[in-house]
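For reference, the structure discussed in these notes is given below.
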Amino acid sequence: MRSRSRELWYALVAIVVVTALYLIAYLQAGAFPSASGLVGHGIGILGSILMLMTATLYSVRKLLTEARWGSVAAWLRFHMVTGLVGPYMVLLHTAMKFQGLAGLTMLLTVIVVISGLVGRYLYTAVPRTIDGAGGATGGPDPERRRDKLAAQRRAAATWHILHVPLTWALFAAAFVHVVAALYYATLQR
Amino acid sequence: MNHRPGFVSATGIVIAVVLLLGVLAWTLAKGPVLFSSGPLNAAAKGPALGGVTNHADLAGDCGACHPAPWSSRTMADACLACHQGVGDQIKTGKGIHGGLAGMRSSPTCRGCHPEHHGANGALTVLDPQSFPHDVTGYSLSGHERTAKGARFTCADCHPKDLMSFDQAICADCHAGIDAGFMKQHEATYGKDCLPCHDGGPLDGANFDHSKTSFKLTGKHAAVACDKCHPEARSLRDFQGAPQDCYSCHAEDDEHQGSFGQQCEQCHTAESWADATFDHAVFPVNHGGDEEKATCETCHPTDVKTYTCYGCHAHTEGNVRDQHEGKSIAELADCIRCHPGGRPAGD
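Taken in sequence, the protein lines are chains A and B.
To convert, take the position in the first sequence, counting from 1, and add 21; that gives the numbering used here.
To convert, take the position in the second sequence, counting from 1, and add 4; that gives the numbering used here.
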């Protein structure tokens, strides 16, 4: 297995397992389990926890250069797995209803995930050095190749400007959604 | 080396704040509609309650149905503020809601009446398998599957609407199952099903007379129902059938009342002929084999009184002679001094 695709396979396996369990609930209910029921609520909470882990743990690991808790590369894989499985669980939580702020939160989730996938592609398509895997760019001239590479690296960085701030918007919307859901539904007597 | 985690982003914080302010502004302008999980029902017609014809007319007034969690008001209180007819049912314990409210663990309004399912969303969603139908006074324990094997739906018995029920629908189905029986049954008991039939586990074909206070033993088992329960038109009528022998068998009394009305003292339901009696107070074989005594020998008029003068050995004259000189106040009550028919002194 190519080591570059490992995280996608892990995510796929997790998604298949989650889908199988969810299918049992779906067949019992005869419909998508409602977002406020036991299954809908539970899967939303678990998905949100995965997404919180996605947003924080990889960044923290990158700071702790002395730490021995797995390589940065491994944590990046972890970031990508939770960043796919968490949003998938949140999608199931919606019971395919995208009304109001809850719908906006799901939309932001989708945008953040897509921006993450795009970023992953950019980062693996653009080599780190002129000699990196993926082949040389810019032709035989090393100067031109270096410049072209730098431009591509800057393009990748631009992606990064979207991915992180959009995540802030996502979590702000999600926070308000959770508070509103608690007020209007969960804690409703 | 970075001193901040990668997720810390000034742009991100700005965007988050903008979003929060946007949500706040929208909510102040239009009410908390951003937090609604779906449109409210707009299809209900009928008289206005609480100033609106349907829930959608409440528009952005979410608090009309969603009191704050820390408030002492519950959502049910909010429902009943407008749906006062339901509140009356609950207060009086009458009707479907009175019955439901009287349950040990009564359901919430929203347990059966969902909302936010769209302008034409159903306002009552019931599952015949889990709805506590017993509160209506009729159990569905015998109505899980139709004669064809399909699961019963509410509409099978309530084709018009859930709050109305026409008994004629019982006969429609049951005549289809056994027309001959239904014809005879209606001829005997009439067409008013509900006064007798409660749908419970002992109803109809499952009825077991041995679970009642009167066991149908002997010849009673073969008797048609209306012979002991004539003109019965309700469960109360059936339960009120007399259980003493004489109420039904007075005309069969060959003793014409002289032995009292406690037929069961000597007779069982097996037959009249095999009568037995525990005559512990006096041996029935008194007098031995020479003269077989019958009941009438000692009880010529009724079983409450007796005389020993029925046998030739005990004429009035003989008895007086044998008791001469003795201060016997009452010669007629022989057993006082001669229990068991034995001579005095034994």
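Where a beta carbon is used, it is the ideal one built from N, C-alpha and C, also for glycine.
A direct Cα-Cα distance of roughly 13 Å separates LEU44 of chain A from ILE64 of chain A. Within the model, the alpha-carbon separation for SER75 of chain B versus MET127 of chain A is close to 31 Å. In the DSSP assignment, PRO108 of chain A falls within the unbroken alpha helix (DSSP H) covering 93–114. One finds PRO73, THR78, MET79 in chain B with Cβ atoms closer than 7 Å to the Cβ of ARG210 of chain A, taken in chain order. In the three-state reduction of the DSSP assignment, LEU122 of chain A falls in the helix class, which pools H, G and I.
ALA284 of chain B sits exposed, since fewer than 16 C-beta atoms from the chains shown fall within 10 Å of its C-beta.
Note on geometry: alpha-carbon atoms of VAL200 of chain A and GLY67 of chain B lie some 16 Å from one another. Contact of ILE94 of chain B with chain A by beta-carbon distance below 8 Å is absent, the smallest such distance being about 17 Å. For the pair ALA179 of chain B and LYS195 of chain B, the CB atoms are not nearer than the 8 Å cut-off. Across the stretch 122–142 of chain B, no CB contact with chain A closer than 7 Å is found for any residue. When the beta-carbon positions are compared, GLN88 of chain B and HIS101 of chain B stay at least 8 Å from each other.
In the DSSP assignment, CYS299 of chain B falls within the alpha helix (DSSP H) that extends over 299–302. Taken in chain order, the complete alpha helix (DSSP H) segments of 4 residues or longer contained in the stretch 227–260 of chain B are 229–232, 239–243, 249–253.
Distance from the Cα of GLY203 of chain B is smallest, within the candidate group B:ASP61, B:VAL227, B:SER251, B:ASP138, for B:ASP138. DSSP lists B:VAL56 as the beta-bridge partner residues of LEU53 of chain B. DSSP, read as helix, strand or coil, puts ARG155 of chain B in strand. Counting only runs of at least 3 residues, the stretch 135–203 of chain B fully encloses no beta strand (DSSP E) element at all.
Residue burial annotation: LEU191 of chain A is buried, with at least 16 other C-beta atoms found within 10 angstroms of its C-beta.
The contact set of LEU32 of chain B on chain A, defined by CB atoms closer than 9 Å, is empty, because the minimum CB distance reaches about 14 Å.
Residues of the stretch 174–192 of chain A with a Cβ closer than 8 Å to any Cβ of chain B, in chain order: ILE182, VAL185, PRO186, LEU187, THR188, TRP189, ALA190, PHE192. The C-beta of GLY63 of chain A comes no closer than 8 Å to any C-beta of chain B.
For GLU300 of chain B, the closest of B:ASP256, B:ARG149, B:PHE263 by C-alpha to C-alpha distance is B:PHE263. Secondary structure of TYR313 of chain B (DSSP, three-state): coil.
Residue state for ASN45 of chain B is assigned as coil, using DSSP reduced to three classes. The beta carbon of ALA201 of chain A falls within 8 Å of a beta carbon belonging to chain B, placing the residue at that interface.
For HIS253 of chain B, the CB contacts under 7 Å within the same chain, skipping 5 residues up- and downstream, are CYS267 in chain order.
Counting every other CB atom within 10 Å of its CB across the protein chains shown gives SER109 of chain B a total below 16, marking it as exposed. Taking all protein chains shown into account, LEU23 of chain B has 16 or more neighbouring C-beta atoms within 10 Å of its C-beta and is therefore buried. Looking from the CA of LEU166 of chain B, the closest CA among B:VAL129, B:ASP182, B:ARG155 belongs to B:VAL129. Judged by their CB atoms, GLY208 of chain B and PHE286 of chain B are not nearer to each other than the 8 Å cut-off. Boundaries of the alpha helix (DSSP H) around ILE100 of chain B: 99–105.
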